[in-house]
Each structure stands twice: as structure tokens, then as C-alpha cells.
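Trainee: Got a structure for you, written out below as C-alpha cells; questions coming shortly.
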Amino acid sequence: MNVCTQSSEISVAPCLLKCHRGWSRYDVSGASSQQSLQSSFNGMSLQCRPSPRPRPCSSRSSSVQVVMMAKPSIQFIQGTDEQTIPDVRLTKSRDGTNGVAIFSFEQPSVFDSSAELGDITGFYMIDEEGTLQSVDVSAKFVNGKPARIEAKYVMRTPRDWDRFMRFMERYSQANGLQFVKN
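Written as C-alpha cells, this is what we have:
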């Protein structure tokens, strides 16, 4: 792989740009910018400036691919992160081939925004590897008002289990959660 730029100084957070011939590291900064990139995560405009001493990758390159680390999140309506931290219960079969994760959200924030944004469309766990999803979502009501959401994610293979555990590790680090074995 041809690396276009070497940088030992990073301003805020790095983003990697794929040029025609290789990867180039850019520093994200709100200061003077030469290039503006649109983020699909929350509509923010990112201002990127090249690191010191950049070498051009290709003068004919017209497309740019941005690789960024996404903050792990859970969503019930795509594009709207759930702010309530869930209680998560895990079960795994004795032979380790499958498992179930049950997420319980007490007074989830999706109830506050569902009127403006629409109905709950599923359960989405999003991180830098992609999206894990389930449609097994149920709401509990108390006195006619929504009080809790339970979502179930079924893992049918050891590979599914490993992928889920990687998501949970990232999500727990981002939200200060701990694993407690019962």
C-alpha cells in the first residue's frame, strides 16, 4: 500500500482518505480548511486539512473515501441514537453455539422523539464494523403510557456471538458499563 502522508502530529482526530493510489492521513480541524467532507453519522460538516508535508496521491483522483471510527450506539429509529443505557442479560447454550441478549430500557428516550421522527422500526446496534439488528422489540405500558422497551438479539453461531461481544465491548467502554457475571 502506498501511504501518501506521514504525520506524527494529530490535531483533534485523524481521518483517512483513500486516494487513487493509496491512503492519506488528514487531521480533522475546525480551523482553516482546504476540504470539507459531509458526515453521514449526524449531519455535521467536518473540516479536514492535510497533515504537514503531504504528497499528492494523484492529480486525476476525483473520488475520496473516508474511513472513520463510529461511536457505538443503539437505535430504535434509524438515525436517532438511544440515550438511555440498557440493562443487558446474556445467555449462552452449553455447547456455545448460540446465545440470546435481552436489552431492557427503562423510560427510553425514543418515546420522547417518536412522535416527531416516526415509529420504532427495529433494534439497531451500530459500531465501526457495521450494524447488528433485530426486529424482536416489545414495549411495556403502565397506565396506558410507554414505560419500558425490551429488545432481543439472537446469536445463532459462534461467529455471531463473537461479533456481538465486540460490539458490547465497544459500547460498554463508550458508556462506562461493567460486566457482572451472575
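Residue numbers for the sequence shown follow my numbering, beginning at 59 and rising by one.
Built from N, CA and C at the ideal position, the CB exists for glycine as well.
(1) Any idea which residues DSSP pairs T215 with across the strands?
(2) Are the beta-carbon atoms of Y182 and I143 separated by less than 8 angstroms?
(3) Quick one: what's L148 bridged to in DSSP?
(4) Using the rule of at least 16 other Cβ atoms within 10 Å of the residue's Cβ for burial, across every protein chain shown, is V238 buried or exposed?
(5) From the DSSP output, in three-state form, read off L235 for me.
(6) Tell me the DSSP secondary structure of S167 in three-state form.
(7) Three-state secondary structure (DSSP) at D153?
(8) Give me the Cα-Cα distance between F222 and K210, rounded to the nearest whole angstrom.
(9) Taking only three categories from DSSP, how would you classify E140?
(10) Whose C-beta lies closer than 8 angstroms to the C-beta of S171 among residues of the same chain, with five residues either side of it excluded?
(11) Is it the case that the Cβ atoms of F163 and R206 are separated by a distance below 8 angstroms?
(12) For P204, I'd like the list of residues in its chain whose CB is within less than 7 angstroms of its CB, leaving aside the five on either flank, ordered along the chain.
(13) DSSP three-state call for D194: helix, strand or coil?
(14) I'd like the span of the beta strand (DSSP E) that includes I184, first residue to last.
(15) Find out if the Cβ-Cβ distance for the pair L148, A159 is shorter than 8 angstroms.
Mentor: On the basis of the data shown:
(1) According to DSSP, T215 bridges with nothing at all.
(2) no
(3) A159
(4) exposed
(5) coil
(6) coil
(7) coil
(8) 12 angstroms
(9) coil
(10) I135 and T138
(11) yes
(12) F169 and A197
(13) coil
(14) F181 to D185
(15) yes
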